[in-house]
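Take a look at the structure below.
Number of protein chains: 2
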Amino acid sequence: MRGVVMHAPGDVRVERREDPQIIEPTDAIIRLSASCICGSDLWPYRGVEKLDGPSPMGHEYVGVVEQVGDQVKNVKVGDFVVGSFVISDNTCEICQAGFQSKCVHAEFVAATIGTQAEKARIPHADGTLVATPGQPDPELIPSLLAASDVLGTGWFAAVAAEAGPGKTVAVVGDGAVGLMAILAAKQLGAERIIAMSRHADRQALARFYGATDIVEERGDDGVAKIKELTGGLGAHSVVEAVGTQEAFMQAVGATRGGGHLGYVGVNYGVTIPGFDLFLAGIHTLGGPAPVRRFLPDLIQLIWDRKIDPGKVFDLELPLDQAAEGYQAMHERRATKVLFTV
Amino acid sequence: MRGVVMHAPGDVRVERREDPQIIEPTDAIIRLSASCICGSDLWPYRGVEKLDGPSPMGHEYVGVVEQVGDQVKNVKVGDFVVGSFVISDNTCEICQAGFQSKCVHAEFVAATIGTQAEKARIPHADGTLVATPGQPDPELIPSLLAASDVLGTGWFAAVAAEAGPGKTVAVVGDGAVGLMAILAAKQLGAERIIAMSRHADRQALARFYGATDIVEERGDDGVAKIKELTGGLGAHSVVEAVGTQEAFMQAVGATRGGGHLGYVGVNYGVTIPGFDLFLAGIHTLGGPAPVRRFLPDLIQLIWDRKIDPGKVFDLELPLDQAAEGYQAMHERRATKVLFTV
Numbered sequence: 215m216r217g218v219v220m221h222a223p224g225d226v227r228v229e230r231r232e233d234p235q236i237i238e239p240t241d242a243i244i245r246l247s248a249s250c251i252c253g254s255d256l257w258p259y260r261g262v263e264k265l266d267g268p269s270p271m272g273h274e275y276v277g278v279v280e281q282v283g284d285q286v287k288n289v290k291v292g293d294f295v296v297g298s299f300v301i302s303d304n305t306c307e308i309c310q311a312g313f314q315s316k317c318v319h320a321e322f323v324a325a326t327i328g329t330q331a332e333k334a335r336i337p338h339a340d341g342t343l344v345a346t347p348g349q350p351d352p353e354l355i356p357s358l359l360a361a362s363d364v365l366g367t368g369w370f371a372a373v374a375a376e377a378g379p380g381k382t383v384a385v386v387g388d389g390a391v392g393l394m395a396i397l398a399a400k401q402l403g404a405e406r407i408i409a410m411s412r413h414a415d416r417q418a419l420a421r422f423y424g425a426t427d428i429v430e431e432r433g434d435d436g437v438a439k440i441k442e443l444t445g446g447l448g449a450h451s452v453v454e455a456v457g458t459q460e461a462f463m464q465a466v467g468a469t470r471g472g473g474h475l476g477y478v479g480v481n482y483g484v485t486i487p488g489f490d491l492f493l494a495g496i497h498t499l500g501g502p503a504p505v506r507r508f509l510p511d512l513i514q515l516i517w518d519r520k521i522d523p524g525k526v527f528d529l530e531l532p533l534d535q536a537a538e539g540y541q542a543m544h545e546r547r548a549t550k551v552l553f554t555v
Numbered sequence: 215m216r217g218v219v220m221h222a223p224g225d226v227r228v229e230r231r232e233d234p235q236i237i238e239p240t241d242a243i244i245r246l247s248a249s250c251i252c253g254s255d256l257w258p259y260r261g262v263e264k265l266d267g268p269s270p271m272g273h274e275y276v277g278v279v280e281q282v283g284d285q286v287k288n289v290k291v292g293d294f295v296v297g298s299f300v301i302s303d304n305t306c307e308i309c310q311a312g313f314q315s316k317c318v319h320a321e322f323v324a325a326t327i328g329t330q331a332e333k334a335r336i337p338h339a340d341g342t343l344v345a346t347p348g349q350p351d352p353e354l355i356p357s358l359l360a361a362s363d364v365l366g367t368g369w370f371a372a373v374a375a376e377a378g379p380g381k382t383v384a385v386v387g388d389g390a391v392g393l394m395a396i397l398a399a400k401q402l403g404a405e406r407i408i409a410m411s412r413h414a415d416r417q418a419l420a421r422f423y424g425a426t427d428i429v430e431e432r433g434d435d436g437v438a439k440i441k442e443l444t445g446g447l448g449a450h451s452v453v454e455a456v457g458t459q460e461a462f463m464q465a466v467g468a469t470r471g472g473g474h475l476g477y478v479g480v481n482y483g484v485t486i487p488g489f490d491l492f493l494a495g496i497h498t499l500g501g502p503a504p505v506r507r508f509l510p511d512l513i514q515l516i517w518d519r520k521i522d523p524g525k526v527f528d529l530e531l532p533l534d535q536a537a538e539g540y541q542a543m544h545e546r547r548a549t550k551v552l553f554t555v
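Chains A and B supply the protein sequences, listed in that same order.
Count along the first sequence starting at 1, add 214, and that's the number in the numbering used here.
Count along the second sequence starting at 1, add 214, and that's the number in the numbering used here.
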């Protein structure tokens with residue numbers, strides 16, 4: 215099969231990779247319908263995260279089940295499925311508590327599988343994949359693909375920040391995850407949603423997804439502006455969807471005492487001054503999102519056309535043009551790139 | 215009046231200080247019945263926290279109301295009262311959400327008032343002080359004093375860690391606050407309470423307050439031991455009651471994915487590696503405790519002799535011997551020192 219392999223920063227190639235095989239009786243093989251590039255794929259592309267030799271890329275995926283192991287019961291050959299970017303058994307104590315990304319069998323799809331490809335082996339298929347109610351209309355595929363990570367992650371961030379009725383939510387970061395957090399905050403009933411963004415095109419998308427206010431200031435000025443908009447108190451709920459030092463501390467500062475910060479930006483190299491966090495007196499919850507918890511509901515919302523997360527994809531390319539897709543996201547010519555397979 | 219003043223690290227004196235006066239109509243003047251030394255008072259005593267000139271000391275207090283401003287309604291002259299170590303109006307939006315330590319009128323008693331003294335002016339008396347049901351038996355005074363900070367803080371830590379029925383709670387730190395967190399976890403119905411302690415006397419007190427297990431290991435070894443005791447998962451609820459780098463990261467490591475960390479150790483100089491916290495996937499809540507939220511319930515529990523937090527005081531001295539009290543806590547000859555006034 216063909217699949218994307220990163221050889222070095224900036225060096226992405228579509229190559230022949232071995233066809234995946236069933237190894238464990240809990241595995242499934244899926245033929246991918248679409249895949250995409252995640253913001254976190256840019257870390258190795260930019261040389262921020264070190265590569266250990268050539269790496270298969272991709273961890274977001276939708277597709278059709280082609281083969282299942284003997285013990286797989288919840289999905290069958292021919293099902294159209296959406297999977298989380300973290301493998302989970304969905305039965306252990308941690309999964310049952312809703313934290314499937316910390317499952318005792320957790321494994322990052324990014325680390326070994328690589329779904330920017332024609333096919334993929336998905337371990338713990340019953341606990342990782344969710345079948346859609348039927349074969350989807352092609353127009354729904356981008357949205358279903360978004361559920362696999364970017365929507366699921368933004369949704370988790372909004373839930374972690376306890377966005378809900380009567381709440382003012384501030385979202386730091388106007389990338390795809392930040393935009394999905396806005397969509398989620400709106401669905402969760404937030405009263406006011408402040409997008410922190412300085413790009414006109416993303417501001418427009420933020421408003422489309424439910425932002426009621428835009429703040430262009432960053433850092434201490436951004437915090438001051440959020441305070442000004444919230445009677446001096448700060449937002450009830452803040453989402454951090456960037457992963458830099460400045461963004462993280464901006465998010466801490468924007469949260470009111472006793473408020474909730476949900477952080478999902480992959481934060482390599484960020485160091486949090488403990489005493490600043492202590493004095494802030496806030497709840498925090500973050501990390502790789504337990505997307506599997508939300509998948510059944512998110513699929514239904516998409517199926518019923520109540521949400522349209524697929525709009526975050528602003529560039530669609532055939533898999534063979536993967537290198538151009540990475541370049542476009544790296545140069546910020548695209549917010550998020552979808553690959554047709 | 216007499217009051218404790220710290221002039222420099224290691225230099226604590228009992229001096230004449232001016233008698234406090236009503237300044238605002240929301241003030242009360244109380245005559246202190248007892249006061250004590252907090253672990254955080256040792257920071258400037260040890261030179262870790264810088265002093266800006268001679269500083270009145272003390273922020274934990276119980277006593278009798280001697281005078282009230284015109285607008286004070288909830289406490290009256292003659293009432294025996296317990297107050298929080300943070301001033302709060304108890305009416306603002308933040309207070310109403312239960313985060314009185316982040317009140318819009320918040321002020322640290324430690325910073326300006328100094329309750330290791332004969333009298334103190336308490337601003338926002340209605341929102342800060344709680345009257346006991348009557349004049350307490352002398353034997354209850356240590357416990358009521360504990361409610362002012364050390365019990366209230368340990369209680370908050372246990373609540374922040376979501377200690378409760380069915381939960382395994384690990385407590386990092388066997389100082390007075392850690393011991394009070396154990397008491398709180400027990401009252402909140404925790405199934406299993408693991409005290410991380412290597413001092414025999416404190417282990418005994420930990421067991422008295424409800425610890426079911428003792429772990430002597432620290433750092434990575436301590437984390438490994440907690441995992442071993444919890445089927446490899448980590449504790450549902452972890453309390454950090456020390457404030458050092460090692461203790462904080464030990465607490466992060468001991469918390470299961472999706473679990474809750476409550477941190478109340480004053481953590482000057484701690485830097486939290488953001489990516490480690492991200493990968494841990496845990497809830498955190500910490501900071502100066504909103505003691506005022508818990509005071510009415512804690513006073514009632516003490517009044518009804520259902521809890522005995524006063525046992526954390528293992529040295530009682532007259533105020534005039536304050537210097538000896540500081541020395542004893544600094545040298546760890548005492549866990550917590552009570553001053554009779």
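Every residue gets a Cβ at the ideal spot worked out from N, C-alpha and C, and that includes glycine.
On a predicted model such as this, the values are computed, not experimentally measured, just so you know.
Ordered along the chain, which non-local residues of its own chain (more than five positions away) have a Cβ less than 8 angstroms from that of residue i?
i        : result
A:Ala548 : Asp528, Leu529, Gly539 and Ala542
B:Lys287 : Asp340
B:Arg216 : Val228, Glu229, Arg230, Arg231, Ala331, Glu332, Leu533 and Asp534
Run down chain A in chain order and give the residues with a C-beta less than 7 angstroms from the C-beta of residue i.
i        : result
B:Gly471 : Ile308, Phe313 and Lys316
So is residue i in contact with chain A if we call contact Cβ pairs under 8 angstroms?
i        : result
B:Pro502 : yes
How about residue i: is its C-beta nearer than 8 angstroms to some C-beta of chain B?
i        : result
A:His338 : no
Going along chain B in order, which residues have a C-beta closer than 7 angstroms to the C-beta of residue i?
i        : result
A:Asn481 : Gly488, Phe489 and Phe492
A:His499 : Correcting the residue type first, residue 499 of chain A is Leu in the shown sequence and not His. By Cβ distance, chain B contributes His497.
A:Leu447 : Glu307 and Ile308
Show which residues of chain B have a CB atom less than 9 angstroms away from the CB atom of residue i.
i        : result
A:Thr485 : Thr485, Ile486, Pro487 and Gly488
Which residues in chain A sit within 8 angstroms of residue i, going by Cβ to Cβ distance?
i        : result
B:Phe462 : Gly488
Looking only at DSSP bridge pairs, what is residue i linked to?
i        : result
B:Lys333 : B:Arg245
A:Arg432 : BP columns for A:Arg432 are empty, so no partner.
A:Leu529 : A:Val551
B:Pro352 : Beta-bridge pairing links B:Pro352 to no other residue.
B:Gly297 : B:Leu343
Cutting at 7 angstroms between CB atoms, please list the residues of its own chain near residue i, excluding the five before and the five after it.
i        : result
A:Gly448 : Ile440, Lys441, Ala468, Thr469, Arg470 and Gly473
B:Thr329 : Leu246, Ser249, Gly272, His273, Glu274, Tyr275 and Val323
B:Thr342 : Gly297, Ser298, Ile301, Ser302, Ile336 and Arg506
A:Gln314 : Ser298, Val300, Ser302, Asn304, Pro504, Arg506 and Arg507
A:Ile243 : Pro234, Ile236, Glu280, Gln281, Lys333 and Arg335
Starting from the C-beta of residue i, find all residues in its chain whose C-beta is less than 6 angstroms away, skip the five residues before and the five after it, and write them out in chain order.
i        : result
A:Ala390 : Val364, Val526, Thr549 and Lys550
B:Ser451 : Ala375, Glu376, Ala377, Lys381, Val383 and His474
A:His497 : His474
B:Arg406 : Thr382 and Thr426
A:Ile327 : Ala334
B:Gly457 : Gly479, Val480 and Asn481
Compute every distance between the C-beta of residue i and the non-hydrogen atoms of the ligand MN, then say whether any falls below 7 angstroms.
i        : result
B:Phe508 : The ligand MN is not among the ligands present in this structure, which contains no ligands whatsoever.
Hey, does residue i have any beta-carbon neighbour from chain D nearer than 8 angstroms?
i        : result
B:Ala324 : Included in the structure are the protein chains A and B, with no chain D among them.
### Task
Report yes or no: do three or more beta-carbon pairs, one from the stretch 380-391 of chain B and one from the stretch 271-290 of chain B, lie closer than 8 angstroms?
Between the stretch 380-391 of chain B and the stretch 271-290 of chain B, the count of Cβ pairs shorter than 8 angstroms is below three; the stretches do not touch.
### Task
Determine contact between the stretch 301-310 of chain B and the stretch 247-266 of chain B, defined as no fewer than three beta-carbon pairs at a distance below 8 angstroms.
no
### Query
Using 8 angstroms as the Cβ pair cut-off and three pairs as the minimum, do the stretch 449-468 of chain A and the stretch 487-494 of chain A touch?
yes
#### Entry: Cβ pair count under 8 angstroms reaching 3, the stretch 394-402 of chain A against the stretch 369-380 of chain A
yes
### Message
Does the contact criterion of 3 or more C-beta pairs under 8 angstroms hold for the stretch 343-361 of chain B versus the stretch 507-517 of chain B?
### Response
yes
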